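Structure first, then comments.
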Amino acid sequence: MEPFVFFGGKGGVGKTTVSCAYALRCARDGQRTLVVSTDPAHSVTDVFDQPFDDSPRSVDGIDGLDAVEIDPEDEVTRHLDEIRQDLSEQVSASMVNEINRQLEMAHGTPGAYESALFDRFVDVMRTAEPYDRVVFDTSPTGSTLRLLGLPDLLEGWIDRLIHKRRTSIDLFEKAAVGNTEPRRVMEGDPVLARLQDRKEFFEFAGSALHDDAAFFLVLNPDELSLNETERAITALREEDLAVRGLVANKLTPSPDPDENGRGARYLRDRVETEAARLETIRSEFDPPLVAEIGWRSAEVTGDLLADVADELDIETAAEPPTHVSSGH
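So the mapping is simple: our numbering equals the position in the sequence shown, first residue as 1, plus 1.
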């Protein structure tokens, strides 16, 4: 299967548990694996009961498994600081204050998180050579879909910016000819170089997501989760990104046959309702159900995580990536 695996879904469905369980399964099967989380609640830290940050760190007691926790707020700050640094080197001193003002305003915009996290996702994919498998525990569905749509959107936008910059330089050079040789500024223009770098970045991202990534959606057996999953499948298909499978999580356990109290009757009703929804998924959704995971009575860590890993019918052997970045 593809080297990069994304688990998405509605908030609270259990993506982190499923992502960590799959990463554990891959590592157990001999795949050098990295699990990457963008959950600000530090859920991966809770699952493995050890702290992680934005640099890969080995998971204690599990050979071949590393984890990274990316803090979206820190990532936005770092992302905007890099833009500030780039622009400050290319504009006049009088423009620097205006750039700073605009970037401060950009920090709180809805697209800032998506842009910063997308850059980090792609950086992870570009530098994934030490790993056979990278598992992404992504943000809730809406944000993930906006991330995955960025390459096609921004490649065209950057092409237009490059065209405008070339036209501007060409006019400048023609105006500067006079009785002297043309001023050849096109080749050394820092703005053009930056735009070209971004174009190559998004070309790699688009190719890697289409050819080297597999997408799975985690859902709970309730109407809201099913509706959101259906919308996500459609949206991913529109981006030409097929969902490889669905994971039904937090299924209600059946009571023993001899139990007939109010709690047992409630559980039987829930099990019956959930069974009907699972049948809807099997008959009406294109991607197959690759796991049906029941509620655990305790937090899913340690041996319980290993149990969940055993319930995931997802291939662990990874093909090498078909797209390798020319630079980092």
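Note that beta-carbon positions come from the ideal geometry of N, C-alpha and C, so glycine has one too.
Since the structure is predicted, the reported quantities are computational estimates derived from the model, not experimental observations.
Excluding its 5 nearest sequence neighbours in each direction, D190 has C-beta neighbours in its own chain below 8 Å: R166, I170, listed in chain order.
Assigned with DSSP and collapsed to three states, R134 falls in strand. CA-to-CA, the gap between D47 and P73 works out to about 18 Å. The alpha-carbon separation between P131 and L66 amounts to approximately 11 Å. Here the alpha carbons of L210 and T78 stand approximately 25 Å from one another. The count of Cβ pairs closer than 8 Å, one atom from the region 146-163 and one from the region 232-245, reaches three, so the stretches are in contact.
Distances from the CA of E293 to each of L247, F53, K11 were compared; the closest alpha carbon is that of L247. Residue burial is scored here from C-beta neighbours: A277 has fewer than 16 other C-beta atoms within 10 angstroms and is therefore classed as exposed. Fully contained in the region 266-318 are the following alpha helix (DSSP H) runs of length 4 or more, in chain order: 303-312. DSSP places F217 in the strand class (E or B) of the three-state scheme. Residues E3, P4, F5, P322, T323, H324 of the same chain have their beta carbon placed closer than 7 Å to that of D213, with the five preceding and five following residues left out of the count. With 16 or more other Cβ atoms inside 10 Å of its own Cβ, F122 counts as buried.
Two segments are said to touch when three or more pairs of C-beta atoms, one from each, lie closer than 8 Å; by this definition the region 299-313 does not touch the region 264-275. Taking a C-beta distance under 8 Å as the contact criterion, A22 and D64 do not qualify as a contact pair. By the Cβ neighbour-count rule, R134 is buried, with 16 or more other Cβ atoms within 10 Å of its own.
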